[in-house]
Structures are given as C-alpha cells and as structure tokens.
Amino acid sequence: MIGKTISHYKILEKLGEGGMGVVYKAEDTRLKRTVALKFLNTELMRDPQARERFLHEAQAASSLNHPNIAVIYEINEDEPQCFICMEYVEGKSIKQLIEEKTLSMADILKMAVATGEGLYAAHQKGIVHRDIKPDNIMVTGDGLVKIMDFGLAKYTGASRVTREGTTLGTVPYMSPEQVQGIDVDHRSDIFSFGTVLYEMITGRLPFRGEHEAAVIYSIIHEAPEPLARYKAEVPEGLQHVIDKALAKAKEERYQHVDEMVSDLRTVVRLVPLVVKKSRKRKKVALCAAVGMVLLLLLALGVLRLWQKPAAGGEKSIAVLPFADFSPQKDQEYFCDGLTEELINRLSHIQKLRVPARTSAFIFKDKMGDIKAIGEKLKVQTVLEGSVRKAGDELRVTAQLINVADGYHLWSETYDRKLADVFAIQDEISAAIVHALQLKLTPQEAQGLAQHAIENIKAYELYLKAWRQIYRFDEKSLDSAFVFLQTAIDIVGDNAQLYSGMSTAYAMRANIGIGQEDDLVKAEEYAKKALALNPGLASALVELNILSIYDAYPKNWYNAFRYTKRALAANPFSSDALRALAIDYAQIGRPEEALKYADLFEKYDPLNHWRHAVRGLCCHYDGRFEPAIQHFRMFYQADSTSPNARTLYMQALAYGGKWDEALALADRKQAPSARNVQDIFALLLKCAILKDKEDALRLMTPEFVKTCRRDFEWSFYVADRMSLLGAREEALDWLENAITRGFINYPFLQCNPLLDPVRDEERFRNLMARAKKEWQNFEVPE
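Residue 586 in the working numbering sits at position 531 of the sequence shown; the count goes up by one each step and never skips.
Here it is in structure tokens:
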C-alpha cells in the first residue's frame, strides 16, 4: 500500500492495525494536507446490510465538530475497500504517555477534562463512541487532546453494526453491559472513560485477568483497588469520581459526562495543595544543604537581603466565553450574556485589566492551551466555565486559572434556580477579587454589586436581543427590537435596555437601511439611558457616533465630549478607545490617534478592528503604504465584510495600485443593493474605469440621501466624482463634507484622488475654509 494513490490520497506510511482495520498516514493531493485513512476490515464490509448500517452511522459521526474530537473528513469507497478519511493528529496517545510514566496529576486532570468535554459534545448529538481507550485519545505537542476513531461510533437509535452475538470495542475498557452484548448508550462511554482515567492515575487497569473471560468476569463482578494503593497523595474527591464512573449499574453512574467533568474541575483546584504536601517531605532533606550554601554565600560576602516584590501593580484576567452544556445546546445567548456581564463588571476595577469581549470571544468553542491563550491576550489569569440550563434549573461552573503554571486559583460549581443567576454573578466576581487580592474602592465595590436588569425574564430578553444585534442584518435587527421592547414592557424604564434600543436603531443607519428617523430614535434612547445612568459607557459611545451626524461646528465637540465621559466612567472601554482613536485620526491629529489606538489594542488585543484603526490612523495622515498593510490584515481577518473590503480597496486606490484595487472589486462577492459599503466599492471601480454612466446609475436617491448626512461618506463620494472627472459634482459633495465636519486639512492637501479638481478656485476656497476650522478646533478636556 505504501506509495499507492487511492482516490486522491497518496499512502505515506502505516500507522497501526486493529480488529476493525488498518490505519495509514496519507497526503491529500487536492488540498495538500496530511490525513489518516482507516481501511475497514473486508470481513466486516462483506455483509451488505452491515455495510450500509456502518456507513449511516459513520456519516452521523462525521457531523461532529469539536476541538477535542478528531475530524472525519469523508467516507469513501475504492472497490472492494471502504475507508474513512480523518484528521491526522501528530502527537502521542495517552497509552504511550502512560507507558512513559510522564503524567503528573495536573496533566492527568487537564487531559481528563478535555476528553470529557469532547465526549459530551458527541453525546449531545446522540453519538456513542463504544471504544474509549488510551490508544484512541491523542495529545498533540501543545497539549491539545483529541478523541480518535469516532468513525466506529454508534448513533443513538440506529441499528447495531455487528451481527447478533458479536461485540465491538476493546475488552479491558468495556462496560458491564457492553461485554454482555447488551445494547449500550452514552453511559457505557462514561464507564470506559473512568477505566482510562484509573489507568492514567495508577498505571494499571482496574479490571484484569489472565485471559479475556477472566477480564470480563472482573468487569461484571469485581471492584477495582482504591487509587491510594498505587498512588500517593490522591486529591480529595478523585476516588469518588472513579467510583461513580465505574459503577456496575448504569443507573448508578454519572448520567451525563458533563457532571463528571464538573466534579473533575472541582478536584483540579486541590492539586496544588497535594503538590505542596508532597514537596514538604523533600524540604527537610534540603534544609541542611541550603544552610551550608547560605553560610558559604555569607562568607563570600555576596548574599543580599531577599526582598518580596512590592504588592500592587496592574493585574489582568481574561474571561473566556462560557461553554453551553445544556441538553438542547440552545443556551448560547445565555452563556455569552453571562460572559459579557462578568467582563463588564470586572472591567470597572481600575487595577484589573480585562480584555474586551471581541478579543475574549475569539476563543469561543475553541479549547486551547491556557498558557497560549494567556500569552495571546497578555493576561496573568483566565476565567473559564460552563452553563447547563434545563428549564428553571441552572448549573454554572467556573474556574480561575493561573496562566504561568496552569494551576487553578479557585473553582466552584453552582447548582441553583434560574432566578439566582444574579447571585451567581456576584459570587464569581467576589471570588475573583478575593483570589487576586484586589483592594476595591467603595465605588468599585458598589459597581460590582449592581445589576443592570433585575428581572430575570427581561434579562434573558436583553441577552437574546444583543445576540441578534451582533448579526448585522435587517431581519435580526427586527427581532432585537421585539426582544428589547418586550423587556421594557416588563420592567419599565431601564438604562441598559434603552442603550440597547439606541444601538439597534443606530445599527440600521450604519448598515445603510435606516434614515434620519432611526438616528433621531437612536439619540432619544441614548439620552433616556443617560438620564437613568449618567455614566453608562455604551450610551455615551453611541452619542459620540450620533453627534457627528449633526451640522458642524458642534458635532466634533460633542463627539469628543461624550467619548471622554465614557472613558471617565470606564477607562478600559474598548468601544470608547476605538471611537476616540478614529475621531482624532479623522480630524487630523495623528499623534493623539495613535496613542488611543495603542490603548485600544492593549485592552482588546485580538479584536480584528485594531488593524482598521491603525489603517485609518495612517490613511488620514497621508501614509498610504502602511495604511494598505493594515487594511489588508483587516480584510484578511474578515473577507466577507463589505466594510473591510471597501477600506482595503480604497487604500489600494490611494496608494496608486489601480490593478489590485480592480481585482479586489471583481472578486466574487454578493453585493447588497442596500449596503452603502458595497455601493462605495462599485462606485470606486467605476471611477477608476472612467465609467460615468454606471456610476450615475449607482447614485440612487436613497444612496444620495444616506451619504448627504454623513461627512465621511460625503467626502468619499467627492473623491470618486473627482477621479471620474465630474468636477462640479465632486466640489458639491466636498463642500457638504466640510460643512458636515470633514476638517482634516492636511489629508485634503495630500489626497491624490482630488488632484483633478485642485486647479478650481472653488476648491481653493474650500481648502482655505477647512484649514481655518482645522487650526481653530479645540478638543474638549
């Protein structure tokens, strides 16, 4: 087989062989990636009915998509063989790690939690693995756990793959019902998982015998030896986890693997205590040697007084998105809302840096190495957790992890009613403050105790509304309005709900489907929110944006005033920092713009908008080449965004890269007739090609009305008209832009797209006006 090409896979080497088939490492010649191919036993596939059932069940398993599960790419047939193409995972199996005796208790528990989370994802889709064993769990070089061989899994409700009287699996890891040939469910995987965990801890199997029948007898009738017989310093609670997972009767086991994972997380926080206890024994033996060294150092005169680092300084925490462990997997909005609420609360603590939502949510549904995540977010600690919500019952788990060593500083599980979610938020916040030894001011303590929305039903509606707002389309916004209005009907006046309404109305204008009445409503709701909570950053940032729609000269003054009020209320508000950086860039103050761009990236380090903000800082300073680089990264981060596409295309045009700009415009993408950004891109293409007829066709009354009210959009219509050779139209739009507040005189002077109209007297008069207003404008303190 080595060197042979089957379908579009070139066989490279043999990886292993078992009762179900042979596994090869192969190269996917089409996609240029390394994969694993499992060729199924021809005996198994000889029975047509068994073959068909197997394919149906393997297809169900291929739907799994979880960081701790190796992906199945396809099921293929190359007569007379049938094979499964899987993700190739480079690393070591847990079996190999057990044999090497390299597993610490912290490593064991970390791998067990990851394995449990992968199993839970499969069970949620009704898929039972049936062959959980150390050989089928891989660990990559960076510590990521991957469960393998889901292609042999059983789909709940499907027929059994084997003929009557036969059994799939590996005997020492089978559950009692599995070795007896009884139909299995997800609780059989929990038993096998418990068996693997026992072996990881002790290095021995819990059920043993000289031959297969003896092993089966042990599985059905015998209890395993206690962990303490083979392992010193077993963390409290770990024996209970093993006992419950290995219960003979499936009704007495964990009924869901997330319950086992939750108990394992509780055990995890005790591991540092066990390590400390074991180290204490070594301490006595070291004392004499240390004493001799100290005496020697004193004699040499090089010993200096050891000083404890001064307390205080900035501390940092990243709140990662809580995982949805609910039975129906329909509580994503609730998990996201809980995460955001904790981010918002903690971000008000002056000596605690908390990366913003946009950076934290990059790791949503991605189980990664905590140290790597911490390094990317530049934080010392990470909070992660899960939510299991079924009706009115709520289970929230949370754990605070030290990035440097992976140890849990604190962990807790809350089994409460849904109405207690606010109390849970309070307790988690208080636990973090205590664990990080933060000293709060009275104002900070009061802020942590406040709840923006006290009514649980209204709170749920608010979370659902924000879920829709983040989708950035008309239909979702309509749903958001319904959720928000229903919540307002329940609780009456509420600053948080009014701020949400303001954002939703402003979003309509932002994506090009709203007009003046939406902007008026957005402003009304923002001011109603501030009347109830004068320091609400979200409402202040919204007014910053809305102020620029007013006629100059009051627009810029108000815009800066609102943003600086937002930063006074919350110095770490990434939305306020981003708005302030862009505002300074647009009025031609590059030094201040870069200062706030740096702060924005510090508090929201993975937000892809950081590329756009830096691009705008360079663009409005006339540095077009670096602007292209930043906008390229912004576009690469989200190539489906009309905004990212237009900014990148525009930067290429300003840098004189006409062919690249046209190529980007021609890149296949479905434009929306109502999206202003798409029209801007098409208008720029017409201007480059000197296609005035098509350009005028794009200038619909609705588009013109939308752009007339915005200084920046007016300006970009002006430079496109200038490039097109429509001089009068260009100067009309340019005058409207300056009247609306486009006073960045240095940028107007260096903008190459305006070169065709620079010889016009009207242009020179407009430049004189812009220069005067630019020089005289003072940013409010």
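Note that CB positions come from ideal geometry on N, CA and C, so glycine has one too.
Predicted model, so just to flag it, every value in this text is computed and none were measured.
Under 8 Å between C-beta atoms of I543 and L552: Closer than 8 Å, so yes.
Between the CA atoms of E784 and E499 - distance to the nearest angstrom: 54 Å
Using the Cβ count rule (16 or more neighbours within 10 Å means buried), how would you classify M56? exposed
Quick check: the segment 796–804 against the segment 821–834, are at least 3 beta-carbon pairs closer than 8 Å? Three or more Cβ pairs closer than 8 Å define a contact, and the segment 821–834 meets that threshold against the segment 796–804.
Would you mind listing the alpha helix (DSSP H) stretches within the segment 685–717 that are 4+ residues and don't spill past its ends, in chain order? Entirely contained in the segment 685–717, the alpha helix (DSSP H) runs reaching 4 residues are, in chain order, 697–709.
Taking only the alpha-carbon atoms, compute the straight-line gap between K305 and R242 and give it to the nearest angstrom. 6 Å
In the DSSP assignment, what are the bridge partners of T60? Its beta-bridge partners are K65.
Would you check if the segment 310–321 and the segment 466–478 touch, i.e. whether three or more CB-CB distances between them fall below 8 Å? yes
Buried versus exposed, by CB contacts within 10 Å (16 or more), G293: For clarity, residue 293 is Leu in the given sequence; the question names Gly instead. Buried, since its Cβ has 16 or more Cβ neighbours within 10 Å.
When the distance is taken between beta carbons, is K747 closer than 8 Å to L779? Contact flag set, yes.
Per DSSP, E132 forms a beta bridge with which residues? DSSP output for E132 lists C137 as bridge partner(s).
Secondary structure, alpha helix (DSSP H): runs of 4+ residues fully inside the segment 460–513: Listed in chain order, the alpha helix (DSSP H) runs fully inside the segment 460–513 are 476–490 and 497–504, counting runs of at least 4 residues.
Measuring only the C-alpha atoms, how far is R813 from R819? Between the C-alpha atoms of R813 and R819 there is a straight-line separation of about 7 Å.
Between L595, E757 and V476, which has its C-alpha nearest K444's C-alpha? V476
Under 8 Å between C-beta atoms of A631 and G670: no
Could you tell me the distance, in whole angstroms, from the CA atom of T394 to the CA atom of Y388? 10 Å
By how many angstroms is the C-alpha of I483 removed from the C-alpha of Q136? 55 Å
Taking 8 Å as the cut-off, decide whether the C-beta atoms of M704 and A692 are in contact. no
So what's V834 in DSSP terms, helix, strand or just coil? DSSP, read as helix, strand or coil, puts V834 in coil.
Check whether chain C comes within 8 Å of V200, counting only Cβ atoms and requiring the distance to be less than that. Of the protein chains in this structure there is only one, and it is not chain C.
How about F536 and A513: do their beta carbons lie closer than 8 Å? Result no, Cβ atoms of F536 and A513 do not sit closer than 8 Å.
I66 versus P122: straight-line alpha-carbon distance, rounded: Answer to the nearest angstrom: the Cα atoms are 26 Å apart.
Can you tell me where the beta strand (DSSP E) holding E314 begins and where it ends? First-last for E314: V312 to V323, but that is the alpha helix (DSSP H), not the beta strand (DSSP E).
Measuring straight from C-alpha to C-alpha, what distance separates T755 and H506? Cα to Cα, the separation comes out at about 46 Å.
Give the C-beta separation of H63 and R85 to the nearest angstrom, bearing in mind that I take them to be a contact with Cβ-Cβ under 8 Å. 5 Å
For my contact list, K188 and T225 are in at a C-beta cut-off of 8 Å; report their separation, rounded to the angstrom. 5 Å
From I683 to C741, what distance separates their C-alpha atoms? One alpha carbon belongs to I683, the other to C741, and they sit about 21 Å apart.
Given that a residue counts as buried once 16 or more other Cβ atoms are within 10 Å of its Cβ, and exposed if not, what is L353? In this prediction, L353 scores a pLDDT of 40, lower than 50, which makes its location untrustworthy; no coordinate-derived value is stated.
Among P382, L455, A490 and S117, which one has its Cα closest to the Cα of G446? P382
Within 10 angstroms of its Cβ, does Q235 collect 16 or more other Cβ (buried), or is it exposed? Q235 should be labelled exposed.
Close-in-space but distant-in-sequence residues of the same chain around C390 (CB under 6 Å, 5 per side omitted): F377, D379 and V442
What do you reckon, is the C-beta of Y651 under 7 Å from a heavy atom of the ligand ADP? As for the ligand ADP, it is missing from this structure, which has no ligand bound.
DSSP beta-bridge partners of G71: V78
Quick check on the burial criterion: 16 or more other C-beta atoms within 10 angstroms. Buried or exposed for R101? exposed
What residue does the beta strand (DSSP E) around F94 start on, and which one ends it? R88 to L95
What is the DSSP secondary structure of R678, counted as helix, strand or coil? When secondary structure is reduced to three states using DSSP, R678 falls in the coil class, being assigned neither helix nor strand.
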